[in-house]
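Numbering (the numbering used here), first residue to last: 18 to 455. Heads up: the structure comes next, in structure tokens.
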């Protein structure tokens, strides 16, 4: 047997031994980050094998496989992960492994489309990458925080490897470890395990192609997907030190942080025709982000001069195009809950909507119905105008302030509300000064 292959088998055996010892000697529950890519698939496979090696009556540890879905992931990846999750659940139940599988999503008020089309956030770039924290890190952190309270501490297994990049190698090397575990940078009661950190990419693929998954099926389809896309998965992210999606990683098809989405382009070249429409829309997002194209406000959200949020006209146009894309691809790209939140935020925008803009756009799309109570809306607008007249303020400003308060009420939080209300007052003052100057 060749020496390098012998060394690989020895490395795999060593990892399995370490995981079994950790299972038996450390009572803390396990969390396992799973993104559907090669590294996280190998870690999940090792975790399943470890629990399988424990006698059934001794399988007392809670083990949770955690997947994140931003709702703008590449469709082929979503479909593969869904199949894998179902197999994992069934196998765990049949074998009594006590391994639970969870799909985590950002709340609707923090979704990609609510932030862009609702709040008017410009599509992310390298200096304003607002999406990673809200859509990937926060859902995992919330899940962990909800459980750590009763657990005390937990161990999170990730598929990070030093060979992935110099940045990843430096990050892993700099983290202080205790018994092979390092503290989570944001969750002090969570310890991070990187069981395959010293393996090469070739060793990962050798393991995956030579070892069928414990939950069933082999990894040839995964290997083919990598070959088609020419890249690697977007790792489940636990902090902002991990690299963003892109550079041939499987991530969000909406990613505007990188110049080219090579994974999506590769899937299109391999015959996934849906990617043509999605890539075209990604370019639309980039065009709308460019202030020179006229879709950005000339004032920032804090009232200062400079490229600001997307204008209400730009948000309306994006929603029209997104709903058309939904029909073309037959994919569910936006939910009714997101549409209702977008309307609420339009009511609080500069040049606020009349409360029916989303419904008018949606009702024009084939097969989509969104009803509004026009009588109730008209009564409310009359009441708002009456109050505004009594207080000698503009009705639009009152509507924006009411909508902003309602937005915060829906999310059951108040932090940031005073600043947002102050910015609305600043907008009104600036508009009054502009009218007086003219």
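Using N, Cα and C, we set each Cβ at its ideal position, and we do this for glycine too.
For residue 440, the CB contacts under 8 Å within the same chain, skipping 5 residues up- and downstream, are 318, 319 and 320 in chain order. Within the same chain, and ignoring the five residues on either side of residue 339 in sequence, the residues whose Cβ sits closer than 8 Å to its Cβ are 130, 134, 298, 350 and 351. In this chain, residue 57 is not harboured by any beta strand (DSSP E); it is covered by the alpha helix (DSSP H) spanning 55 to 69. Taking a contact to require three or more Cβ pairs closer than 8 Å, the segment 326 to 336 and the segment 360 to 375 qualify as touching. Judged by DSSP secondary structure, residue 199 falls outside any alpha helix (DSSP H) and instead within the beta strand (DSSP E) spanning 198 to 200. The C-alpha of residue 305 lies about 29 Å from the C-alpha of residue 121. Of the candidates 172, 211 and 205, the residue whose Cα lies closest to the Cα of residue 42 is 172.
Leaving aside the five residues that flank residue 97 on each side, the residues in its chain whose CB is nearer than 8 Å to its CB run, in chain order, 53, 238, 239 and 242. Contact annotation: the segment 95 to 113 does not touch the segment 144 to 163, with fewer than three C-beta pairs closer than 8 Å. Residue 293: not part of any beta strand (DSSP E); member of the alpha helix (DSSP H) spanning 291 to 306, first to last residue. Fewer than three beta-carbon pairs drawn from the segment 97 to 108 and the segment 281 to 293 are found closer than 8 Å, and the two stretches are therefore not classed as touching.
Excluding sequence positions up to five before and after residue 117, its CB lies within less than 6 Å of the CB of 81, all in the same chain and listed in chain order.
Annotation: the continuous beta strand (DSSP E) that includes residue 210 extends over 207 to 210.
Counting only the Cα atoms, residue 200 lies some 16 Å from residue 157. Relative to the Cα of residue 51, the nearest Cα in the group 175, 69, 292 and 68 belongs to 175. Taking 8 Å as the upper bound for CB-CB distance, residue 302 and residue 271 are in contact here, some 6 Å apart. For residue 236, the closest alpha carbon among the candidates 62, 226 and 355 is that of 226.
For residue 173, the enclosing beta strand (DSSP E) starts and ends at 171 to 174.
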